[in-house]
Amino acid sequence: MSDAPSSHDFGPSSKPVETLESVVIRFAGDSGDGIQLTGSQFTAASAAAGNDTATFPDYPAEIRAPVGTLAGVSGFQLHFSSKDILTPGDRSDVLVVMNPAALAAHKKWLKPGGVLIANADAFNQKNLLMAGFAENPLENDSLADYQLFKVDLARLTGQALEGMGLSAKEIERCKNYFALGMVFWLFERDVAIIEDEIDQKFASKPHLKEANHKVFQAGWNFGENTEIFRIRYRVPAAQDIAPGRYRSVSGNEAVALGMVAASVQSGRQLFLGSYPITPATDILHSLSGFKEFGVKTFQAEDEIAGICSAIGASFGNALAITTTSGPGVALKTEAMGLAVMTELPLVIVNVQRGGPSTGLPTKTEQADLLQAIYGRNGESPMPVIAARSPSDAFEAAFEACRIAVKYRTPVMLLTDGYIANGAEPWLIPRVDTLPKIDPNLLSSTEQLNGEKLLPYLRDPGTLARPWIELGNPGLEHRIGGLEKWDKTGHIAYDPQNHHNMVKLRQAKVDAVAQEIPATQILGKDSGELLVVTWGSPWGSARTAVRELIDQGKSVSHVNLRWLNPLPPDLGTVLKRFSTVLVPEINNGQLIKLLRDKYLIDCKGYNRIAGLPITVAEIKQAVLEHLPS
Amino acid sequence: MTELNRVDLKPKDFQSDQEVRWCPGCGDYAILAGVQRALAKQGIPAHKVVTIAGIGCSSRFPYYMSTYGFHTIHGRAPAIATGLKVARPELQVWVATGDGDALSIGGNHFIHALRRNVDLKIMMFNNKIYGLTKGQFSPTSEFGKKTKSSPYGSVDHPFYPLQLAVGAEAAFVARFIDVDAKTAGDVLAAAAAFHGTAFIEILQNCVIFNDGAWDELAQKEFRADRTILLEHGKPMIYGQKRDKGIRLVGTRPEVFTIGENGLTEADAWVHDAHDTDPTRAFLLGRMEWPEFPMPMGVLRSNARPVFDQLICNQVAEIQQSKKADLQKLLDGRSSWVVGA
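Listed in order, the protein sequences are those of chains G and P.
Count along the first sequence from 1, then add 1123; that gives the number in this note's numbering.
Count along the second sequence from 1, then add 28; that gives the number in this note's numbering.
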């Protein structure tokens, strides 16, 4: 833990420093090049320096596609700033490429005039051909729009390790630390952070520890000593972010932490039933390591067993969750209906990815909203909540658990690949400020006050049925997927009863609306145009709307946490604007819900490219819909 | 091991207030009564027992038991029971399923529950037909069977359920016929006492869609000649006159008559239910009338570590060595402070 940003350099620097407000840097290379690690280490150092940060890992579905191919390129983008930022940035100021394929795949993300650092050694005939270059772009004028820095990373790494007796493969694996040393020099990052990290990571392999230390410092020294870098850049610590203790958190980590917090605050053991699926698996990884909190994780034989085991655990009064992505949700559909029918608390986490079918497993999308709300047989209403950013996923997960327990209902939590793998600083909540969740169990016949046990008797405020604690005498009861008699829960085929029960289950989910606070509006609460978002486009939309407001435009922004039910005041808010614009990474799903519910002709901005929607795209879409 | 206080109980303590709605003459009535008797004998009160079922005629079982019960969805009972058992290992969990529910739509959950050795009692009612959907061939129907969905005869090769269970690493495997109350009682008692997955195949008669499917074995006058009751440590001798035996010739079982060809009782295969090698249980699982007498009773009872217990032990072990501090968890390994 470092309580105050401090900076350690390897030595004094003689080069001038230019101060910048924000920088977007992107690392790209083979998926075996350690790009994600390099990116996260640079992020950690930037956060420790007091910058606000936001990251976007962009990696292929293949674990190790053939070296040097376009398919194997892995990217990591970091936005670090002295201001409060909400997105990892549209395009980068600095691009570090480890081979020609990385250049070919990621050049489009570099701003004109941006800094391009290329591992020149890798631009050999074979790699150039694989990346589709007829000639070496480092040697012709095709990169004239950028500030090109050619660095012989492999050769320099080898030089630094001369005489250590390392194999060619080991030397090759050290080169990302050379690149990291170089950018640490370039942006005045604290080298002590990486020194510690190398010590820990290679504790059991002293020769690799020494090698990586050497290479890291060699990279830093290269920056200082080479003529090609003339200045260093400084991004000062951010001043306008809320005080408190921060850490970096990814969306998947935040979901796992939110679940554990809900387990502690409800006093219910946490049970996770899950089947590995990209990009949700990290939640299973995290939770399987939290056994000291009594967390039980079950890696099931398939998606169906994942949710079914969770339903069984919920029947046994555990706080039960299942985690997956869209294709997994499709498989869990029938079991979700069972949870709706039996009115048991359950949270289903859908880390959305590109679809349909296997689609784009490692890319982000928001196309499962209608699946979440409608995708079950019969009238099967379920509350749906969405996280808007990596750190926000903690609160969204906690809230999903709270509502599931309070209303005895399955709740679907939507995040996406971008939220799941992106990371940002998180103002860590103090545990004593977290709300308690009352499981309100029916544990003894004494609580019945002499009345008969009625498993489907409803609480007048929430319409929730009792959560009956198994193992207690006198509370034996049977539940199941067949229609229930109101109150008794016995099997019922009566026509009027079915009608009533369909309406009751809907009314219960509708009642969740009473938990939703008044809609918060960025900007004026009426005007020309309102941008409405849900999920991850929040950051880009907010940034875009802030900038447009600064330019004097009549634009406001609302983000929806709850998608089902919708906030009670949303209709009146929407009607105060001439135009409602809904940017989504799908072909228009929230827009259908809004048109249906409020009879408003909203406009969509729909880009479904497996990527976050950018600030620039939203600004342009807004401007197109504003009267000129 | 689950330790529960034994109390004096009657079968009616396990009867629910619901009217039983199986077809008159259905084999399920006898099974229900057998289970209620076995539970009463066991002495664990109804509130410590949970009955879980999938979908099908057999899966109505939980409604007729006074225990906690869950009538779930088709094929998924083992998965739901696994989650419950992991969350609440102190409860005794019985699963009622059928040949379609367990071996067809729920085949995956079935084999994985056996492999993991979750502490469940799985009773599979095998009537070799889909009854609730009114008569289609099932994964245990004989090849060539004519049903509504196979008017020219089924071309599906059937499973041998006990062999499938042994192949899936089942720790406890047993069988009885619905009409044989004595064996039912013994097998159910053994299953109740077993810690781990106890799989019981129950040969059950569907009076409507596959009536008499097991008659060749079930009828009292043939039963002794066409079935063999396996008893641990005892030679495999059977027949009305107890004059027949099974012997092993290499890895091939063979029927012989005691006193013929110089063979005596001493040549009979001695049943070892606790054999850690599954080979012999596998052979028994394939024996069928008319080539062999159909084995009844406990084929295999081979205790090994129990899944739900292993999960709980691991949690308990970590809880011993590591303090659960939520604030520390949220703070993470590396954090920093902004402002004063």
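Each residue gets a CB set at the ideal place from its N, CA and C atoms; glycine is no exception.
Buried/exposed call for residue i, threshold 16 Cβ in 10 Å
i                  : result
leucine 1751(G)    : This sequence places serine at residue 1751(G); leucine is not what is there. Per the 10 Å Cβ criterion, exposed.
glutamate 1599(G)  : buried
isoleucine 1427(G) : buried
serine 1197(G)     : buried
alanine 294(P)     : exposed
methionine 1124(G) : Confidence at methionine 1124(G) is low in this model, with a pLDDT of 36, below 50, so the placement of that residue should be treated as unreliable; the coordinate-derived value is given next. Exposed.
lysine 1138(G)     : exposed
threonine 1142(G)  : exposed
alanine 1732(G)    : exposed
glutamine 268(P)   : exposed
threonine 30(P)    : For threonine 30(P), the predicted model reports a pLDDT of 47, less than 50, meaning its position is unreliable and no value from the coordinates is stated.
glutamate 1185(G)  : exposed
tyrosine 96(P)     : buried
histidine 299(P)   : buried
glycine 290(P)     : exposed
valine 1217(G)     : buried
glutamate 1574(G)  : exposed
asparagine 1247(G) : exposed
Continuous beta strand (DSSP E) stretch holding residue i: start and end
i                    : result
alanine 202(P)       : 200-205
leucine 148(P)       : 148-154
glycine 1603(G)      : 1601-1603
isoleucine 1508(G)   : 1507-1509
asparagine 1259(G)   : No beta strand (DSSP E) contains asparagine 1259(G), which DSSP labels as neither H nor E.
lysine 1273(G)       : 1270-1274
phenylalanine 227(P) : 226-231
tyrosine 1369(G)     : 1367-1373
aspartate 1539(G)    : 1533-1539
serine 1701(G)       : 1700-1707
Residue i: contacting residues in chain P (beta-carbon distance under 9 Å)
i                  : result
isoleucine 1321(G) : Per Cβ cutoff of 9 Å: no residues; isoleucine 1321(G) is ~15 Å from chain P at best.
arginine 1368(G)   : Asp359, Ser363, Trp364, Val365, Val366
Beta-carbon neighbours of residue i, restricted to chain G and to distances below 9 Å
i                 : result
asparagine 136(P) : Glu1424, Asp1425, Ile1427, Ala1428
threonine 95(P)   : Glu1599, Arg1601
leucine 311(P)    : Result: empty, since nearest Cβ-Cβ is about 27 Å, beyond 9 Å.
Limits of the unbroken alpha helix (DSSP H) element including residue i
i                 : result
alanine 331(P)    : That residue, alanine 331(P), is in no alpha helix (DSSP H); it is neither H nor E in DSSP.
histidine 1748(G) : 1738-1748
alanine 26(P)     : Outside the displayed span of chain P (29 to 368) sits residue 26(P), for which this structure offers no information.
aspartate 1175(G) : Careful: aspartate 1175(G) lies outside any alpha helix (DSSP H), inside the beta strand (DSSP E) at 1175-1181.
lysine 1529(G)    : 1515-1530
isoleucine 236(P) : Note, isoleucine 236(P): premise wrong, no alpha helix (DSSP H); not H, not E.
leucine 1251(G)   : 1248-1253
Neighbouring residues, chain G, relative to residue i (Cβ below 7 Å)
i                 : result
alanine 124(P)    : Per Cβ cutoff of 7 Å: no residues; alanine 124(P) is ~12 Å from chain G at best.
isoleucine 101(P) : Glu1457, Ala1458, Leu1461, Gly1604
valine 78(P)      : Leu1593
Contacts that residue i makes with chain P (C-beta to C-beta distance below 7 Å)
i                  : result
asparagine 1595(G) : His75
valine 1387(G)     : Leu354
Chain-ordered chain P contacts of residue i [CB-CB under 8 Å]
i                     : result
valine 1383(G)        : Leu354, Leu357
phenylalanine 1700(G) : Per Cβ cutoff of 8 Å: no residues; phenylalanine 1700(G) is ~35 Å from chain P at best.
phenylalanine 1394(G) : Gly111, Val114, Ala115
lysine 1419(G)        : Val114, Ala115, Ile339, Cys340, Val343
Per-residue contacts from residue i into chain G (C-beta, under 8 Å)
i             : result
proline 90(P) : Arg1601, Gly1603
Ignoring anything shorter than 4 residues, give me the alpha helix (DSSP H) runs that lie fully in the stretch 1605-1680 of chain G, in order along the chain.
Segments of the alpha helix (DSSP H) lying fully in the stretch 1605-1680 of chain G: 1618-1634, 1661-1673.
Can we say the stretch 1166-1180 of chain G touches the stretch 1205-1223 of chain G, given the rule of at least three CB pairs closer than 8 Å?
They touch, by the three-pair rule.
List in chain order: all unbroken alpha helix (DSSP H) runs of 4+ residues lying wholly within the stretch 1287-1343 of chain G.
The qualifying runs are 1291-1309, 1314-1324.
Would you say the stretch 1585-1593 of chain G touches the stretch 1621-1641 of chain G, given that touching needs at least three Cβ pairs under 8 Å?
When C-beta atoms of the stretch 1585-1593 of chain G are compared with those of the stretch 1621-1641 of chain G, three or more pairs fall below 8 Å, so the two segments count as touching.
Could you tell me which uninterrupted alpha helix (DSSP H) segments, each at least 4 residues in length, are contained entirely in the stretch 286-354 of chain P, listed from first to last along the chain?
Counting only runs of 4+ residues, the alpha helix (DSSP H) found wholly inside the stretch 286-354 of chain P occupies 307-314, 335-349, in chain order.
Whether or not the stretch 1338-1351 of chain G and the stretch 329-341 of chain P are in contact is what I'm after, with contact meaning three or more pairs of Cβ atoms, one per stretch, closer than 8 Å; do they touch?
Taking 8 Å as the limit for Cβ pairs, the verdict is that the stretch 1338-1351 of chain G does not touch the stretch 329-341 of chain P.
Is the stretch 1382-1397 of chain G touching the stretch 1417-1426 of chain G in the sense that three or more CB pairs, one from each, lie closer than 8 Å?
In this structure the stretch 1417-1426 of chain G touches the stretch 1382-1397 of chain G; the number of beta carbon pairs closer than 8 Å is three or more.
Evaluate the contact criterion for the stretch 1325-1335 of chain G versus the stretch 1142-1159 of chain G: three or more CB pairs, one atom per stretch, below 8 Å.
Too few Cβ pairs lie closer than 8 Å, so no.
Segments of 4+ residues assigned as alpha helix (DSSP H) that fall wholly inside the stretch 67-138 of chain P:
Listed in chain order, the complete alpha helix (DSSP H) runs (minimum 4 residues) inside the stretch 67-138 of chain P are 105-115.
The stretch 1658-1665 of chain G touching the stretch 1675-1689 of chain G, judged by at least three CB pairs closer than 8 Å:
Counting Cβ pairs under 8 Å, three or more are found: they touch.
Unbroken stretches of the alpha helix (DSSP H), 4 residues or longer, contained in the stretch 1150-1229 of chain G
Runs of the alpha helix (DSSP H) lying entirely within the stretch 1150-1229 of chain G, each at least 4 residues long, are 1158-1171, 1223-1229 in chain order.
Which runs of the alpha helix (DSSP H), 4 residues or longer, sit entirely within the stretch 246-286 of chain P?
Taken in chain order, the complete alpha helix (DSSP H) segments of 4 or more residues contained in the stretch 246-286 of chain P are 248-254.
With a threshold of 8 Å, are at least 3 pairs of Cβ atoms found where one atom belongs to the stretch 1667-1676 of chain G and the other to the stretch 1482-1498 of chain G?
Pairwise C-beta distances place the stretch 1667-1676 of chain G out of contact with the stretch 1482-1498 of chain G, as fewer than three of them are shorter than 8 Å.
Could you check whether the stretch 152-162 of chain P touches the stretch 49-60 of chain P, counting it as contact only if at least three pairs of C-beta atoms, one from each stretch, sit closer than 8 Å?
Contact holds between the stretch 152-162 of chain P and the stretch 49-60 of chain P, because three or more Cβ pairs, one in each stretch, are under 8 Å apart.
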